[in-house]
Amino acid sequence: MKNKYSIFSLIKNAFSYHENWKKAWKDPVPKKEYDAVIVGGGGHGLATAYYLAKKHNMKNIAVVEKGWIGGGNTGRNTTIIRSNYLWDASAGLYNHALKIWENLSQELNYNVMFSQRGVMNLAHNLQDVRDLKRRTHANRLNGVDAVYLDTEQVKKFCPIINTSPDIRYPVLGGTLQRRAGTARHDAVAWGYARGADAMGVDIIQNCEVKAIKRNGDTVEGIETTKGFIKTTKIGVVAAGHSSVIANMAGLKLPLESKPLQALVSEPVKPIIDTVVMSNAVHAYVSQSDKGELVIGAGTDDYISYSQKGSHDIVEGTLNAILELYPIFSRMRMLRQWGGIVDICPDASPIISKTSIKGLYFNCGWGTGGFKATPGSGDLFAHTIANDEPHKLNAAFNLNRFISGDLVDEHGAAAVAH
Amino acid sequence: MFVINCPFCGEREQSEFKAGGEAHILRPKQPTELSDDEWAEYLFMRKNIKGIQFERWNHTHGCRKWFNIARDTSNDEIKVVYKMGEKPPSI
Numbered sequence: 001m002k003n004k005y006s007i008f009s010l011i012k013n014a015f016s017y018h019e020n021w022k023k024a025w026k027d028p029v030p031k032k033e034y035d036a037v038i039v040g041g042g043g044h045g046l047a048t049a050y051y052l053a054k055k056h057n058m059k060n061i062a063v064v065e066k067g068w069i070g071g072g073n074t075g076r077n078t079t080i081i082r083s084n085y086l087w088d089a090s091a092g093l094y095n096h097a098l099k100i101w102e103n104l105s106q107e108l109n110y111n112v113m114f115s116q117r118g119v120m121n122l123a124h125n126l127q128d129v130r131d132l133k134r135r136t137h138a139n140r141l142n143g144v145d146a147v148y149l150d151t152e153q154v155k156k157f158c159p160i161i162n163t164s165p166d167i168r169y170p171v172l173g174g175t176l177q178r179r180a181g182t183a184r185h186d187a188v189a190w191g192y193a194r195g196a197d198a199m200g201v202d203i204i205q206n207c208e209v210k211a212i213k214r215n216g217d218t219v220e221g222i223e224t225t226k227g228f229i230k231t232t233k234i235g236v237v238a239a240g241h242s243s244v245i246a247n248m249a250g251l252k253l254p255l256e257s258k259p260l261q262a263l264v265s266e267p268v269k270p271i272i273d274t275v276v277m278s279n280a281v282h283a284y285v286s287q288s289d290k291g292e293l294v295i296g297a298g299t300d301d302y303i304s305y306s307q308k309g310s311h312d313i314v315e316g317t318l319n320a321i322l323e324l325y326p327i328f329s330r331m332r333m334l335r336q337w338g339g340i341v342d343i344c345p346d347a348s349p350i351i352s353k354t355s356i357k358g359l360y361f362n363c364g365w366g367t368g369g370f371k372a373t374p375g376s377g378d379l380f381a382h383t384i385a386n387d388e389p390h391k392l393n394a395a396f397n398l399n400r401f402i403s404g405d406l407v408d409e410h411g412a413a414a415v416a417h
Numbered sequence: 418m419f420v421i422n423c424p425f426c427g428e429r430e431q432s433e434f435k436a437g438g439e440a441h442i443l444r445p446k447q448p449t450e451l452s453d454d455e456w457a458e459y460l461f462m463r464k465n466i467k468g469i470q471f472e473r474w475n476h477t478h479g480c481r482k483w484f485n486i487a488r489d490t491s492n493d494e495i496k497v498v499y500k501m502g503e504k505p506p507s508i
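Order-wise, the sequence lines are chains A and B. Per our numbering, the very first residue in the first sequence carries number 1; after that it's consecutive. Per our numbering, the very first residue in the second sequence carries number 418; after that it's consecutive.
Pasting the structure below:
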């Protein structure tokens, strides 16, 4: 990489008051033709482009993004990374991503602030206890680190949780994945963008796809707001807008796009040094390096592309937060926002070829796509380059909705759908 | 968050209602004759439209009756409310 970031570049630039840093990626005019075009400049799309260039030597490629990179769900999630999913296929997929996360800052020469502070999932009723114990066993069989904690151990690991037996949904136990944690969401998009750009990938922002041109069952290119781009391979990584792009190609996907909300509080001193999630009462919370509490709410039950959600969803989450963490009762919330998540009927993603040659979809990540960003990009790049899925994403094909071979992860998805 | 004009109870907050998804998906007349592709289409494939969508809603915390709505999913604006069994309005 030409402009490697290091302590020396930092010192050197300090002498010029940090006014001469080179741009991390260019702002190119689209070429007439590319070997592949990725639709969607979020973390997953940029990672896909990065691995296409790095591992599959496809350098004449472009990422087209209708807004700015990382401005969709990449910049709207609660940054939680874990791999404690139930089924073998999911454990393989999410653990693959987790392994890449562990070395990502070094690989990208960009600090993604990956912090393995652990993720704890709480149990609030007998069925939760059974499900979480089962999931712990399944995780360990699949090489995913997981331990089951009783109420006392939960309290010891995170002392601010109210473990009193007389609350409405008492804490009966929980699971802990110590290798799990958080990362800086924007940095992931920027790091991949910078890495891809350095290898010759064109990142084209403010460029919306308007149509997909087909010749029979083969793609020929895309019509965009910056003109027609010829290509034989189109990888769509458009999250909540996947169905919109699919409709352009005459396809229907098993997706519903719904608002998912999150909020942050005013910044305070360090109070919670891990991530705690409660599926049953729908509350999860962590603390950012700036000191804000980062709180994730649930999805609304109606389809919407408005990037807004209902107030009662936020209210429900905050009720649960207050009961579990009475210490937060006087905190004030600073910001609240919504993102549009594309939810599959089995709460698992789709990384797949389609019935149209040269058209690939990476979608359906629903409420939990951020954690998979590096693995998703790596496996989608493999699928596009070889026109065949990698063994780790073979189960996540579109055909499973016809064959019935679903990967039901509603329990591990942690956000009620 | 928006207000829904229930055809039976009048205007109420959306939080009183439960969304029932895309409307006018007919249950197959002869389920035993269906191929796997057709079952997938019926069970899972959705238009998931950005724009005017015809959808079912239930007034769960009110009259508990089902009805249809034509709503713009890009801004949540409700265009028409119409009863079950009625044909979708032309918009």
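Just so it is clear, CB atoms sit at the ideal spot from N, CA and C, and this is done for glycine as well. In this text, all values refer to a predicted model and were calculated from it rather than measured experimentally.
- On the three-state DSSP scale, how would you describe residue 357 of chain A? Strand at residue 357 of chain A.
- Item | Three-way DSSP call (helix, strand, coil) for residue 228 of chain A in this model | It is a strand residue.
- State the DSSP-derived secondary structure class of residue 448 of chain B, mapped to helix, strand or coil. Residue 448 of chain B falls in the helix class under three-state DSSP.
- Query: Comparing alpha-carbon positions, which option in A:388, A:365 and A:403 lies nearest residue 73 of chain A?
  - Reply: Nearest option by C-alpha distance: A:365.
- Message: For residue 332 of chain A and residue 217 of chain A, what's the separation of their Cα atoms in angstroms?
- Response: Their Cα atoms are separated by approximately 54 Å.
- When the cut-off is 9 Å and only beta carbons count, does residue 444 of chain B lie next to chain A? With respect to chain A, the C-beta atom of residue 444 of chain B has no partner C-beta closer than 9 Å.
- Tell whether a beta-carbon distance below 9 Å holds between residue 437 of chain B and residue 473 of chain B. In this structure, residue 473 of chain B lies closer than 9 Å to residue 437 of chain B by Cβ.
- With distances taken between CB atoms, is the gap from residue 236 of chain A to residue 359 of chain A smaller than 9 Å? Taking 9 Å as the Cβ cut-off, residue 236 of chain A and residue 359 of chain A qualify as a contacting pair.
- Reduced DSSP secondary structure (H/G/I, E/B, other) of residue 418 of chain B: In this structure, residue 418 of chain B counts as coil in the three-state DSSP scheme.
- Message: Tell me which residue opens and which closes the beta strand (DSSP E) that residue 495 of chain A is part of.
- Response: With chain A covering only 1 through 417, there is no way to say anything about residue 495 of chain A.
- Message: Between which two residues does the beta strand (DSSP E) holding residue 334 of chain A run?
- Response: Taken as a continuous stretch (DSSP letters only), the beta strand (DSSP E) holding residue 334 of chain A covers 333 to 343.
- Task: Count the other C-beta atoms from every protein chain shown that fall within 10 angstroms of the C-beta of residue 330 of chain A, then say buried if there are 16 or more, exposed otherwise.
- Result: Classification for residue 330 of chain A: exposed.
- Message: Between residue 247 of chain A and chain B, is any beta-carbon pair separated by less than 9 Å?
- Response: For residue 247 of chain A, the answer is yes, since a Cβ of chain B falls inside 9 Å of its Cβ.
- Task: Would you mind telling me which residues of chain A sit closer than 7 Å to residue 461 of chain B, beta carbon to beta carbon, in chain order?
- Result: Listed along the chain, the chain A residues whose CB falls inside 7 Å of the CB of residue 461 of chain B are 254, 345 and 401.
- Task: Look at the Cβ atom of residue 145 of chain A, then the Cβ atom of residue 178 of chain A, and state whether they are nearer than 9 Å.
- Result: Going by C-beta atoms, residue 145 of chain A is nearer than 9 Å to residue 178 of chain A.
- First through last residue of the beta strand (DSSP E) which encompasses residue 313 of chain A: For residue 313 of chain A, there is no enclosing beta strand (DSSP E); the residue is part of the alpha helix (DSSP H) that begins and ends at 311 to 324.
- Item | Beta carbon proximity, residue 466 of chain B to chain A, threshold 9 Å | At least one chain A Cβ lies under 9 Å of residue 466 of chain B.
- Can at least three beta-carbon pairs, one atom from the segment 299 to 307 of chain A and one from the segment 220 to 239 of chain A, be found at a separation below 8 Å? Contact between the segment 299 to 307 of chain A and the segment 220 to 239 of chain A is absent: fewer than three C-beta pairs spanning the two stretches fall below 8 Å.
- Could you check which residue in A:186, A:142 and A:76 has the C-alpha nearest to that of residue 112 of chain A? When each option's Cα is compared against that of residue 112 of chain A, the closest is A:186.
- Message: Suppose you measure from the CA of residue 470 of chain B to the CA of residue 488 of chain B; what does that come to, to the nearest Å?
- Response: Looking at the two C-alpha atoms, the distance is approximately 5 Å.
- Given a threshold of 16 other Cβ atoms within 10 Å of its Cβ, counted over all protein chains shown, does residue 426 of chain B qualify as buried or as exposed? Using a 10 angstroms sphere on the CB of residue 426 of chain B, the tally of other CB atoms stays under 16, which defines it as exposed.
- Item | Within 8 Å of chain B by C-beta, residues of the segment 308 to 328 of chain A in sequence order | For the segment 308 to 328 of chain A, the beta-carbon criterion of a distance under 8 Å to any beta-carbon of chain B is satisfied by 308, 309, 310, 311 and 312.
- Quick one: complete beta strand (DSSP E) runs, 3+ long, within the segment 430 to 481 of chain B? Qualifying beta strand (DSSP E) stretches, in chain order: 435 to 439 and 469 to 475.
- Closest Cα partner of residue 446 of chain B within the set B:459, B:468 and B:454: Nearest C-alpha to residue 446 of chain B: B:459.
- With residue 203 of chain A and residue 374 of chain A assumed to form a contact (beta carbons below 8 Å), what rounded beta-carbon distance in angstroms separates them? The distance from the Cβ of residue 203 of chain A to that of residue 374 of chain A is about 18 Å, inconsistent with a contact at the 8 Å cut-off.
- Neighbour flag for residue 490 of chain B against chain A, beta carbons, 9 Å: Interface residue, yes.
- Taking only beta-carbon atoms, is residue 428 of chain B less than 9 Å away from chain A? Not flagged as an interface residue toward chain A: residue 428 of chain B, since no C-beta distance is shorter than 9 Å.
- Query: With respect to the alpha helix (DSSP H) encompassing residue 191 of chain A, which residues constitute its N-terminal and C-terminal limits?
  - Reply: DSSP places residue 191 of chain A in the uninterrupted alpha helix (DSSP H) bounded by 185 to 198.
- Cα-Cα, which of A:262, A:390 and A:172 is closest to residue 280 of chain A? Closest in C-alpha terms to residue 280 of chain A, from the list A:262, A:390 and A:172, comes A:172.
- Message: Mapping the DSSP letters down to three states, classify residue 154 of chain A as helix, strand or coil.
- Response: Helix.
- Message: Starting from residue 174 of chain A, trace the beta strand (DSSP E) in both directions and tell me its first and last residue.
- Response: 173 to 177 is the extent of the beta strand (DSSP E) around residue 174 of chain A.
- Separation of residue 467 of chain B from residue 422 of chain B, as counted between CA atoms: Between residue 422 of chain B and residue 467 of chain B, the alpha-carbon positions lie close to 22 Å from each other.
- Query: How would you write the range of the alpha helix (DSSP H) that residue 373 of chain A sits in, first residue to last?
  - Reply: From DSSP, the alpha helix (DSSP H) with residue 373 of chain A extends over 373 to 386.
- Test item: CB-CB of residue 48 of chain A and residue 362 of chain A under 9 Å: Taking C-beta atoms as the reference points, residue 48 of chain A and residue 362 of chain A count as a pair closer than 9 Å.
- From which residue to which residue does the alpha helix (DSSP H) around residue 141 of chain A run? Under the DSSP assignment, residue 141 of chain A falls in the alpha helix (DSSP H) whose first and last residues are 126 to 141.
- Message: Beta carbons nearer than 9 Å to chain B: which residues of the segment 276 to 304 of chain A have them?
- Response: Only those residues of the segment 276 to 304 of chain A whose C-beta falls short of 9 Å from the nearest C-beta of chain B are listed: 300, 301, 302, 303 and 304.
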